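Let me begin by presenting the structure, written as structure tokens, before commenting on it.
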Amino acid sequence: MATSAPEPLSAGIEAPGRLRQPKQVIGGAVAALVAGWLIVKAVGNFGGFLNATLLGLTLAGLYFVVASGFTLIFGLMRTINMAHGSLYLLGGYIAFELQEKLFSDNKGGFELSIGQSSGETQYSTIEWLVPLLIAALAMGVLGVLIYQLLLRWNQGQELRQALITIAVIIIAGDQMLAHFGGVAKDIKLPASWPTSVDIPLIGSFGFFRLTIVLGSAILVGLLLWWMIKRTRFGLITRAGVDDRDMVSALGINIPLVFAAAFFIGSLLAGFGGVLGGSMLSLQPGQDSAFLLNSLVVVIIGGMGSLGGAAVGAVALGLVQAYGASYLVFGGTDLTNYSILLTFGLVVAVLAVRPYGLFGRPA
Amino acid sequence: MNISVRSAPLTRPEKIGLGVIAVVALLAPVIFSNFFLSALLTQAIWLGLVALSLIFLSSYGGMVSLAQVAIFGIAGLVTANLSEAEGGLSVAIDPWLAAIIAILVAVAVALIFGAIASRSEGIYFLMITLAFGVMVYYFFGQVTSLAGHGGVNNVAIPGIVGDRVNDPASFYYVSLAVAAACYFGLRYLGRTPFGLTLQGIRDEPTRMRALGYHVEVHRTLAFGVAGLVAALAGVLFVWWGRRIGPGAVELATVIDVLVVAVIGGLYRLHGAWVGALAFVLLDNYTRRWTPEIGDILGPERFNTLLGLIFLAIVLISPGGLVGAYESLRDRVRAYFAGRRGDVQEDASLAPPAPDGASGAAAGAPADRPNGPVAAQADVTFQRSKTQTATPEIGGEE
């Protein structure tokens, strides 16, 4: 068959392994170019390549934790919680505040965050875990509140729900600016944890990123997988994704299931916020950054698919990490154009699969 | 289809109202103070233009795009960089040429965005365009050689346009002319075969595809047209403020424009300026009388107030101010018209869903001359709700 056949061929009768459309040829060429470039870089400095890869994977871990909640809510309810990034940031801020207020050595001091160099509090592991738990649970509860108060009675009106949660972004963003200010804050890690570990070929790598963030992501992924595949809640969730009306006709208390989904999804946002607040930093703008990350992850992976979220997170994390290391050509540093790579990633996926790698029309 | 597109004749009060608005708009430089003219009215005009591009896409194409601010920003940024300015590239070519190149670039980007996003629908479209919008913001924020560290300032403007501080009237008239051209141009476009096809695709993409129309191409072209409107707004914005920075395209601005469009009503072209005017007035005057409640609400917390108003409008009247007016008008008319009003009241009582409201074409005011139209609008509402559940035929090429 001629490569230039203009009429679209249905995917079903396409012979495997044969390139028919110019789109596929271009896609293949771009993929080959990128792969070739990475191989050249990897051969040139293998340790550096591994380091960038590992950085990308740890970023991916954080993105997965946040985006899995986003995609869980959408998968079940067809609701885009645009305020997901706000829940992320608020979760981080709450953990930061709790750590300062409850466990700081010089209690009640307002100048804490300014005079950092002298007498910085040494936090123990429990003093990191308690704020984490409380903040994550608080975000879960807040998510349920958002659902119950604002979204529940608009079920099925997707656009309206999206607009409502966008209104929540504005209010939450402004309130957080008022209460936590514009200065970047970070949640202190336990003093007993090493700051970095030595890995052969790579050298020293952040301990927290490698173990806690990556470990949490794997744990969250496994737990969600177990929940979706093995529990009654997961059974209902999967059935709900396929046919909501039928599930509700069978007498399942759908509002309760939806509230539970919102609780878990928002809890994951808050959990991600604490991880992100410890690994990166908390400041205004992080809410839209993580909204974008979550959006990109699920656009790539496909809305409502847990595996898709994992693949999307890894793709986004790696693209960002490689972009930050390898966009230097000779003397010209193009790393500040790295957002174009993210754009290219989204375009490449959408050009081939308009609903994401594992997605399907809602 | 034809019926729902044809604009119904205006009632006498509406004609008078339109006349008054036209006269006030033309005489604004005489009536209002210079501050009001340049800071409020002119701002409302370009803000309304951005919202207009969003409303055009949502009302005629059924696509709620959050990438319009990005297109607006790209046009503004290119204009600022090509003109003589502080910061940025400062290529210093003629401002008119800079504006034309900027508009071409912005429309090209809009066509690319449209080509990618047009293959998805509904909430996916919203999400993809939002992702594009936020990406453009990060591009602005990171590429300081283009956007400068403190934005691009003191952009040169063409003499004829006039400085907004020294000569607000001429700038106002230029903006007004652009806005009027865009508004009537889009209304005209809605009645052309292209516009009719677009509205058909909005209501029944699957059926239109089966009829042999190329759905994606129409959507992409509509995106390009909307991009042109947004680009014009971007050029006006740069000439108005003589500066542009990453803040012009941040998520908050995207939301502001969405607020404007929703306040005005997502499905009426003229709603864009109703919303823009309401927004600008709120922005300028609420700070004085906003009650101060701790640090939760107060003059500093305009965004909280804005968010609450936005929330209230989305929750109570998704049709925005225009929708609220039309619903009220229909009720009043139904009250006076007795039995004739049954159908109209029925339409106005339909579940207030933004996506549902798309059933009534933008060009057609809710003044429905006969029953079937209202019924049709209702049917479309039902369809657009179930549409997401319909399997896509040939969705994947």
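In order, the protein sequence lines correspond to chains A and B.
Just so we're aligned: the first sequence equals residues 35 to 396 in our numbering.
Just so we're aligned: the second sequence equals residues 32 to 428 in our numbering.
All residues carry an ideal CB built from backbone N, CA and C; glycine is no exception.
As the structure is a prediction and not an experimental result, all values here were calculated from the model.
Looking only at its chain, what residues have a beta carbon closer than 6 Å to the beta carbon of residue i, apart from the 5 residues adjacent to it on each side?
i: Y171 (chain B); result: In the sequence on display, residue 171 (chain B) carries Phe and not Tyr. Contacts found: A178, P277 and V280.
i: A123 (chain B); result: E115
i: A94 (chain A); result: A347, V348 and G351
i: T110 (chain B); result: A129, A130, A133, V266 and V269
i: V285 (chain B); result: L97, V100 and G164
i: Y316 (chain B); result: none
i: F292 (chain A); result: M111
i: F367 (chain B); result: none
i: V61 (chain B); result: none
Taking the alpha helix (DSSP H) that residue i falls in, what are its first and last residues?
i: F377 (chain A); result: I373 to V386
i: G216 (chain B); result: P199 to R222
i: W227 (chain A); result: Here W227 (chain A) belongs to no alpha helix (DSSP H), and DSSP marks it neither H nor E.
i: N334 (chain B); result: F333 to I347
i: P277 (chain B); result: Careful: P277 (chain B) lies outside any alpha helix (DSSP H) and carries neither H nor E.
i: S358 (chain B); result: G351 to A368
i: V21 (chain A); result: Residue 21 (chain A) cannot be examined here, being either before or after the span of chain A that is shown, 35 to 396.
i: Q182 (chain A); result: Q182 (chain A) -> no alpha helix (DSSP H), and no H or E assigned at all.
i: N315 (chain B); result: G302 to W320
i: N188 (chain A); result: Element bounds for N188 (chain A): n/a, residue is neither H nor E.
i: L120 (chain B); result: Run containing L120 (chain B): none; DSSP gives neither H nor E here.
i: G296 (chain B); result: From DSSP, G296 (chain B) is part of no alpha helix (DSSP H); its letter is neither H nor E.
i: M94 (chain B); result: Where M94 (chain B) is concerned, there is no enclosing alpha helix (DSSP H), given that its DSSP letter is neither H nor E.
i: Y169 (chain B); result: G153 to Q173
i: R238 (chain B); result: P236 to A241
i: I143 (chain B); result: P126 to A148
Output needed for residue i: all residues of its chain with C-beta closer than 8 Å, excluding positions within five of it in sequence on either side, in chain order.
i: I334 (chain A); result: G342, V345, G346, A349, L350, L379, V380, V383, G390 and L391
i: L263 (chain B); result: L80, A106, I134, V209 and C213
i: F83 (chain A); result: L72, K75 and A76
i: I47 (chain B); result: none
i: V178 (chain A); result: A293, F296, F297 and S300
Do residue j and residue i count as a contact pair if the criterion is CB distance below 8 Å?
i: L142 (chain B); j: V260 (chain B); result: no
i: L132 (chain A); j: A76 (chain A); result: no
i: Y169 (chain B); j: I373 (chain A); result: yes
i: L88 (chain A); j: V308 (chain A); result: no
i: V331 (chain A); j: T376 (chain A); result: no
i: G176 (chain A); j: L253 (chain A); result: Just to set this straight, residue 176 (chain A) is Leu in the shown sequence, not Gly. No.
i: V202 (chain A); j: A117 (chain A); result: yes
i: L85 (chain B); j: L157 (chain B); result: no
i: T271 (chain A); j: E192 (chain A); result: no
i: F296 (chain A); j: K219 (chain A); result: no
i: S138 (chain A); j: T155 (chain A); result: yes
i: M313 (chain A); j: V217 (chain A); result: no
i: G174 (chain A); j: L325 (chain A); result: no
i: A257 (chain B); j: F144 (chain B); result: no
i: Y157 (chain A); j: P56 (chain A); result: no
i: T223 (chain B); j: Y244 (chain B); result: no
i: P199 (chain B); j: R194 (chain A); result: no
Excluding the 5 residues flanking residue i on each side, which residues of the same chain have their C-beta closer than 7 Å to its C-beta?
i: Y127 (chain A); result: M210, F214 and L316
i: P126 (chain B); result: S114, A187, I188 and P189
i: G311 (chain A); result: G126, A129, F130, D220 and I221
i: V167 (chain B); result: A101, G104, I105 and V280
i: G226 (chain B); result: Y91 and L220
i: T321 (chain B); result: L328, G329, P330 and L336
Which one of the options has the shortest CA to CA distance from residue i?
i: T335 (chain B); options: B:P349, B:L313, B:F215 and B:G354; result: B:L313
i: P236 (chain B); options: B:L342, B:G325 and B:E152; result: B:E152
i: F310 (chain B); options: B:R319, B:H301, B:T321 and B:G295; result: B:G295
i: T175 (chain B); options: A:G393, A:Y371, A:V74 and A:V386; result: A:Y371
i: L257 (chain A); options: A:L124, A:S102 and A:V74; result: A:S102
i: V290 (chain B); options: B:A56, B:L227, B:G351 and B:A139; result: B:G351
i: A206 (chain A); options: A:A273, A:G306, A:S322 and A:L284; result: A:S322
i: V95 (chain B); options: B:R43, B:A59 and B:V288; result: B:V288
i: L161 (chain B); options: B:T223, B:L68, B:E45 and B:A283; result: B:A283
i: S149 (chain B); options: B:I191, B:G92 and B:Q173; result: B:G92
i: L301 (chain A); options: A:L91, A:L123 and A:G62; result: A:L123
i: V136 (chain B); options: B:G118, B:I159, B:E117 and B:N112; result: B:N112
i: G293 (chain B); options: B:I344, B:I324 and B:T321; result: One point to set straight first is that residue 293 (chain B) is Val, not Gly, in the sequence displayed. The candidate whose alpha carbon is nearest that of V293 (chain B) is B:I344.
i: A56 (chain B); options: B:R364, B:S206, B:E247 and B:T228; result: B:S206
Check whether the Cβ of residue i lies closer than 7 Å to any heavy atom of the ligand MN, and answer yes or no.
i: G311 (chain A); result: In the structure on display, the ligand MN does not appear, and there are no ligands present to speak of.
**Q.** Segments of 4+ residues assigned as alpha helix (DSSP H) that fall wholly inside the segment 230-273 of chain A
**A.** 248-264
Q: Write down every uninterrupted run of the alpha helix (DSSP H) in the segment 308-360 of chain A whose length is 4 residues or greater and which is fully enclosed by it, in chain order.
A: 320-335 and 340-360
(Q) Please give the ranges of any alpha helix (DSSP H) in the segment 70-120 of chain A, keeping only runs that are unbroken, at least 4 residues long and fully inside the region. (A) 80-111
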